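For reference, the structure is listed below as structure tokens.
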Amino acid sequence: MMRGFLVTATDTGVGKTVVTGGIAAALARRGIDVGVMKPFATGARRVGRRLVSDDALFLQRAAGSEDPLDLLNPVCLKPPLAPSMAAEVEKKPIDLQAVWSAWRTLRGLHSTMIVEGVGGLLVPLLPRFTVARFAKRLKLPLLIVTRPTLGTINHTALTVHAARSYGLRIAGLVINHAARVRPGLAERLNPAALAAETRVPVLGIIPFLGADPGRALRHPAFDRLASAL
1 MMRGFLVTAT
11 DTGVGKTVVT
21 GGIAAALARR
31 GIDVGVMKPF
41 ATGARRVGRR
51 LVSDDALFLQ
61 RAAGSEDPLD
71 LLNPVCLKPP
81 LAPSMAAEVE
91 KKPIDLQAVW
101 SAWRTLRGLH
111 STMIVEGVGG
121 LLVPLLPRFT
131 VARFAKRLKL
141 PLLIVTRPTL
151 GTINHTALTV
161 HAARSYGLRI
171 AGLVINHAAR
181 VRPGLAERLN
191 PAALAAETRV
201 PVLGIIPFLG
211 ADPGRALRHP
221 AFDRLASAL
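With my numbering, the residue at position 171 of the sequence shown is 171, and numbering never jumps.
Now the structure itself:
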């Protein structure tokens, strides 16, 4: 059976892309044939005649992938909104068949697939079709990226509850320090509290990695995380 994960998060801006890229880079360093995919991207920029997602480019480079960007990121929209809203603003319907076709192609090319979601589990991709429903069809276990700071227990517990209500498998939590914050009592105690409250293992804690994405991908925290998967 093909191995892989869908990386989701408790919110946007938590660090899904860096974590997805870091895992892919660490697996590639181990000689694992890893493919990456960002099926839905918004907030894209125009390069020539096409829209390009910086997140998808980052994942492509992280994995050392030679797969075409159109396969890695079949749905790419400019407005920085939930995909269903961005598509409505652009008057450009989302082609789910293109997403599934790209997925089938990529999973046939690679032994392991790391797929990055968009926002959190209940973000609408289409009206009444959320990331959670997409994950259910994808049949990959979840890695949930979460913050270490005050409030993370509630956000993480809600995400875990949503995942379980959809019957999704959860491989574990990844605590990501997406911003430079001086560790306080909450940051020290939250990892153990998250595991206890959600009954989901914390597979890794990623420190604040600064603004250099290339350096971030080589951080040993991702090698430790890859070992835990």
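Glycine included, each C-beta is placed from N, C-alpha and C at the ideal position.
Quantities reported herein were computed from a predicted structural model and do not represent experimental measurements.
Residue ranges of each beta strand (DSSP E) run of no fewer than 3 residues wholly in the region 97 to 178, ordered along the chain? 112 to 116, 124 to 126, 142 to 146 and 170 to 176
For residue 206, three-class secondary structure by DSSP: Residue mapping note: residue 206 aligns to position 206 of the sequence shown, counting from 1. Residue 206 falls in the strand class under three-state DSSP.
Return the CA-CA distance between residue 210 and residue 18, expressed in angstroms with no decimal places. Position 210 of the sequence shown, counted from the start, is the residue given in the question as residue 210. Position 18 of the sequence shown, counted from the start, is the residue given in the question as residue 18. Using only the alpha carbons, I get a separation of about 11 angstroms.
Secondary structure of residue 35, DSSP reduced to three states: The sequence position of residue 35 within the sequence shown is 35, counting from 1. Reduced to three states, the DSSP call for residue 35 is strand.
Are residue 203 and residue 159 close, meaning C-beta to C-beta below 8 angstroms? Residue numbering aside, residue 203 sits at position 203 when the sequence shown is read from its first letter. Residue numbering aside, residue 159 sits at position 159 when the sequence shown is read from its first letter. Not closer than 8 angstroms, so no.
Supposed close pair residue 178, residue 7 - CB separation, criterion 8 angstroms: One-based indexing of the sequence shown puts residue 178 at position 178. One-based indexing of the sequence shown puts residue 7 at position 7. Between residue 7 and residue 178 the Cβ distance is about 14 angstroms, and since that is not below 8 angstroms, they are no contact.
Buried or exposed: residue 101, going by 16 or more other Cβ atoms within 10 Å of its Cβ? One-based indexing of the sequence shown puts residue 101 at position 101. Looking at its Cβ environment, which holds fewer than 16 other Cβ atoms inside 10 Å, residue 101 is exposed.
Quick one: is residue 220 buried, meaning 16 or more other Cβ sit within 10 Å of its Cβ, or exposed? Taking the first residue of the sequence shown as 1, we reach residue 220 at position 220. The residue is exposed, with fewer than 16 neighbouring Cβ atoms inside 10 Å.
Inter-stretch contact at 8 angstroms, needing at least 3 Cβ pairs: the region 95 to 110 / the region 185 to 195: no
Pick from 50, 40 and 222 that is closest to residue 270, judged by C-alpha positions: Nothing can be reported for residue 270, as the shown portion of the chain is limited to 1 through 229.
Where does residue 211 sit, in a helix, a strand or coil, going by DSSP? Start at 1 with the first residue of the sequence shown, and residue 211 comes out as number 211. Residue 211 falls in the coil class under three-state DSSP.
Per DSSP, residue 6 is paired with what? Here residue 6 is taken as the residue at index 6 of the sequence shown, counted from 1. Beta-bridge pairing links residue 6 to 115 and 142.
Can residue 69 and residue 90 be called in contact, C-beta distance under 8 angstroms? Mapped onto the sequence shown, residue 69 falls at position 69. Mapped onto the sequence shown, residue 90 falls at position 90. Contact: no.
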